[in-house]
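Visitor: In the working numbering, the protein residues as written are 1038 to 1217.
What follows is a single structure, and I will ask about it in a moment.
Right, here's the structure in full:
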């Protein structure tokens, strides 16, 4: 021992560990936009991870996002076979004992049943999905269902381009839709 000691104040011991995950979906690059909006980089500046819920169109979108943070992604219905062959249709990660799943199209248009079953079967605390281009946050039985919308191609003129953030601590999950 070299005589150095680390001292923590009582306040620091109780500071909760927080992880921030950036959520993005339906970027459609380059078919519907030439590149990611600069605002995405600003919103995701301090994230620990990024989850992309499909319809990248080009794998280079992952490379671009990985300049910010590690990326977990799934393919979407408009992604080419080379993307679908590289990425799993359902993916997940565990952060601070919270299991986060991601899928592109959970058939939300036909109701919540498939999403509930998928979440229950896989033990997800959070299910991130895309496909609708419509940002949405829904809590059900302490499970979060979240769609970040699309930063490049919102579902209608009434919707704004969007991404989402999830802040996770040991005690809570705090979702936020960010309109860009």
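Where a beta carbon is used, it is the ideal one built from N, C-alpha and C, also for glycine.
Compute the beta-carbon to beta-carbon distance between residue 1081 and residue 1087, rounded to the nearest angstrom, for a pair I have assumed lies under 8 Å.
Guide: Position 44 of the chain shown, counted from the start, is the residue given in the question as residue 1081. Position 50 of the chain shown, counted from the start, is the residue given in the question as residue 1087. Confirmed, Cβ separation roughly 6 Å.
Visitor: Tell me, please, which residues DSSP counts as bridged to residue 1089.
Guide: Position 52 of the chain shown, counted from the first residue, corresponds to residue 1089. Answer is 1061 and 1110, bridged to residue 1089.
Visitor: Grouping DSSP H, G and I as helix and E and B as strand, with all else coil, what is residue 1099?
Guide: Numbered from its first residue, the chain shown carries residue 1099 at position 62. Note: residue 1099 maps to helix in three-state DSSP.
Visitor: What does the alpha-carbon distance come out to for the pair residue 1112 and residue 1142?
Guide: Position 75 of the chain shown, counted from the start, is the residue given in the question as residue 1112. Position 105 of the chain shown, counted from the start, is the residue given in the question as residue 1142. Straight-line Cα distance between these residues: approximately 10 Å.
Visitor: Using 10 angstroms around the beta-carbon of residue 1085, count the other beta-carbons present and answer buried if the total reaches 16, otherwise exposed.
Guide: By 1-based counting over the chain shown, the position of residue 1085 is 48. With fewer than 16 other Cβ atoms within 10 Å, it is exposed.
Visitor: Buried or exposed: which applies to residue 1039, given that a residue is buried once 16 or more other Cβ atoms fall within 10 Å of its Cβ?
Guide: For the purposes of this step, residue 1039 is taken as the residue at position 2 of the chain shown. Only weak support exists for where residue 1039 lies, its pLDDT of 48 falling under 50; the value from the coordinates is given anyway. By the 10 Å Cβ count, residue 1039 comes out exposed.
Visitor: Pick from 1207, 1202 and 1209: whose alpha carbon is nearest that of residue 1059?
Guide: Position 22 of the chain shown, counting from 1, holds the residue named residue 1059. When each option's Cα is compared against that of residue 1059, the closest is 1202.
Visitor: Is residue 1195 buried or exposed, if buried means 16 or more other CB atoms sit within 10 Å of its CB?
Guide: For this step, residue 1195 is matched to residue 158 along the chain shown. So residue 1195 ends up on the exposed side.
Visitor: Since residue 1167 and residue 1063 should fall inside the 8 Å C-beta cutoff, what is the C-beta to C-beta distance between them, to a whole number of angstroms?
Guide: As a first step, residue 1167 must be located in the chain shown, where it is residue number 130. As a first step, residue 1063 must be located in the chain shown, where it is residue number 26. That pair is a contact at about 5 Å.
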